[in-house]
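Visitor:
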Amino acid sequence: DTAVSQTPKYLVTQMGNDKSIKCEQNLGHDTMYWYKQDSKKFLKIMFSYNNKELIINETVPNRFSPKSPDKAHLNLHINSLELGDSAVYFCASSQNLAGGPRGETQYFGPGTRLLVL
Amino acid sequence: QKEVEQNSGPLSVPEGAIASLNCTYSDRVSQSFFWYRQYSGKSPELIMSIYSNGDKEDGRFTAQLNKASQYVSLLIRDSQPSDSATYLCAAARGANAGKSTFGDGTTLTVKP
Numbered sequence: 004d005t006a007v008s009q010t011p012k013y014l015v016t017q018m019g020n021d022k023s024i025k026c027e028q029n030l031g032h033d034t035m036y037w038y039k040q041d042s043k044k045f046l047k048i049m050f051s052y053n054n055k056e057l058i059i060n061e062t063v064p065n066r067f068s069p070k071s072p073d074k075a076h077l078n079l080h081i082n083s084l085e086l087g088d089s090a091v092y093f094c095a096s097s098q099n100l101a102g103g104p105r106g107e108t109q110y111f112g113p114g115t116r117l118l119v120l
Numbered sequence: 118q119k120e121v122e123q124n125s126g127p128l129s130v131p132e133g134a135i136a137s138l139n140c141t142y143s144d145r146v147s148q149s150f151f152w153y154r155q156y157s158g159k160s161p162e163l164i165m166s167i168y169s170n171g172d173k174e175d176g177r178f179t180a181q182l183n184k185a186s187q188y189v190s191l192l193i194r195d196s197q198p199s200d201s202a203t204y205l206c207a208a209a210r211g212a213n214a215g216k217s218t219f220g221d222g223t224t225l226t227v228k229p
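Read top to bottom, the protein sequences are chains C and X.
Numbering-wise (the working numbering), the first sequence opens with residue 4 and increments by one.
Numbering-wise (the working numbering), the second sequence opens with residue 118 and increments by one.
What follows is the structure, given as structure tokens:
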């Protein structure tokens, strides 16, 4: 039973295309996240939703649009893909905002490896 | 200067030794610090969090924080080959690990 799942696992596409990545968690968590990890292993938060509401929106191009239809799902749509978008995109979830005195732990999905040609 | 700096490694230690991973951060307002472990081709896993100066121990892992020196470390005692991974240090202004700034990671290899 996968706690945090993402589809697709691999995505190879041409520049200029529009693509979506889906994420689902079955942990009953309230908060979900999207991260981008580039080829140098640099991990950066992109977005976070808590109970379907956007709470973290880092400086990312507006070609990236997250959508949370319910608190178990957080999808990422990317318009007009560029070469620099090639990376691994990780979805994660936590019961509440991760970290903090209660030590909330984030659980990461397996990642979606996006390659833009 | 990067907000969170780590030695990229690779760091190689023999099995049974203590592995010491270091991290410095530039944002003095940072309050929360996290260590993640990431096996090759896998997703990150949060293994330690620390908020106060001093040491925090969890099994073979000890996190150390010195806010005056803006320094965080992770010690792994009795290192095992299964500890071989990339370790990511992260710092956050608030308590939210999801709002963290990450370092580039240190690759650790534990040799049998």
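Where a beta carbon is used, it is the ideal one built from N, C-alpha and C, also for glycine.
Small disclaimer: the values here were computed from a predicted structure and weren't measured.
Check the Cβ-Cβ distances between aspartate 221(X) and every residue of chain C, and say whether any is below 9 Å.
Guide: Chain C contact via Cβ: present.
Visitor: Which residue from Lys184(X), Thr179(X), Ser199(X) puts its Cα closest to that of glutamate 132(X)?
Guide: Selected option, being the one with the closest Cα: Ser199(X).
Visitor: List the residues that DSSP assigns as beta-bridge partners of histidine 76(C).
Guide: According to DSSP, which records beta bridges pairwise, histidine 76(C) is partnered with Glu27(C), Asp73(C).
Visitor: Does DSSP classify proline 131(X) as helix, strand or coil?
Guide: Proline 131(X) falls in the strand class under three-state DSSP.
Visitor: Span of the beta strand (DSSP E) holding glycine 171(X)?
Guide: 171-175 is the extent of the beta strand (DSSP E) around glycine 171(X).
Visitor: Using a Cβ-Cβ cut-off of 9 Å, state whether threonine 108(C) counts as contacting chain X.
Guide: Cβ-Cβ to chain X under 9 Å: yes for threonine 108(C).
Visitor: When the Cα of serine 166(X) is compared with those of Gln148(X), Ser157(X), Ile135(X), which residue comes out closest?
Guide: Nearest option by C-alpha distance: Gln148(X).
Visitor: How about the stretch 153-164 of chain X and the stretch 200-211 of chain X: do they share at least three Cβ pairs that are nearer than 8 Å?
Guide: Yes, they touch.
Visitor: According to a CB-to-CB cut-off of less than 7 Å, which residues of the stretch 173-202 of chain X neighbour chain C?
Guide: Flagged: no residues at all.
Visitor: Taking Cβ-Cβ distances shorter than 7 Å, what residues in chain X pair up with lysine 39(C)?
Guide: None at all; the shortest Cβ gap to chain X is about 11 Å.
Visitor: Taking the C-alpha atoms as reference points, what is the distance between glycine 87(C) and aspartate 73(C)?
Guide: One C-alpha to the other measures close to 30 Å.
Visitor: Less than 9 Å between the beta carbons of valine 91(C) and glutamine 17(C), yes or no?
Guide: No.
Visitor: Against chain C, with Cβ distances strictly below 9 Å, would leucine 205(X) count as a contact?
Guide: Interface residue, yes.
Visitor: Suppose you measure from the CA of lysine 25(C) to the CA of glutamine 40(C); what does that come to, to the nearest Å?
Guide: Answer to the nearest angstrom: the Cα atoms are 17 Å apart.
Visitor: Exposed or buried, what is asparagine 29(C) when buried is set at 16 or more other beta-carbons lying within 10 Å of its beta-carbon?
Guide: Per the 10 Å Cβ criterion, exposed.
Visitor: If we count the other Cβ atoms within 10 Å of its Cβ and call it buried at 16 or more, is glutamate 174(X) buried or exposed?
Guide: It counts as exposed.
Visitor: Give the range of the beta strand (DSSP E) segment to which valine 189(X) is assigned.
Guide: Segment 188-193, the beta strand (DSSP E) holding valine 189(X).
Visitor: Which of helix, strand or coil does DSSP assign to leucine 120(C)?
Guide: Correct three-state label for leucine 120(C): coil.
Visitor: What are the residues in the stretch 42-63 of chain C lying within 8 Å of chain X by C-beta distance?
Guide: Answer in chain order: Lys43, Lys44, Phe45, Leu46, Lys47, Ile48, Ser51, Ile59.
Visitor: By DSSP, does lysine 216(X) sit in helix, in strand, or in coil?
Guide: Note: lysine 216(X) maps to helix in three-state DSSP.
Visitor: Check each candidate in Ala209(X), Lys228(X), Ala136(X) and name the one with the smallest Cα separation from glutamine 187(X).
Guide: Ranking the options by Cα distance to glutamine 187(X), first place goes to Ala209(X).
Visitor: Where does serine 42(C) land, buried or exposed, given buried means 16+ other C-beta within 10 angstroms?
Guide: By the neighbour-count rule (16 or more Cβ atoms within 10 Å), serine 42(C) is not buried but exposed.
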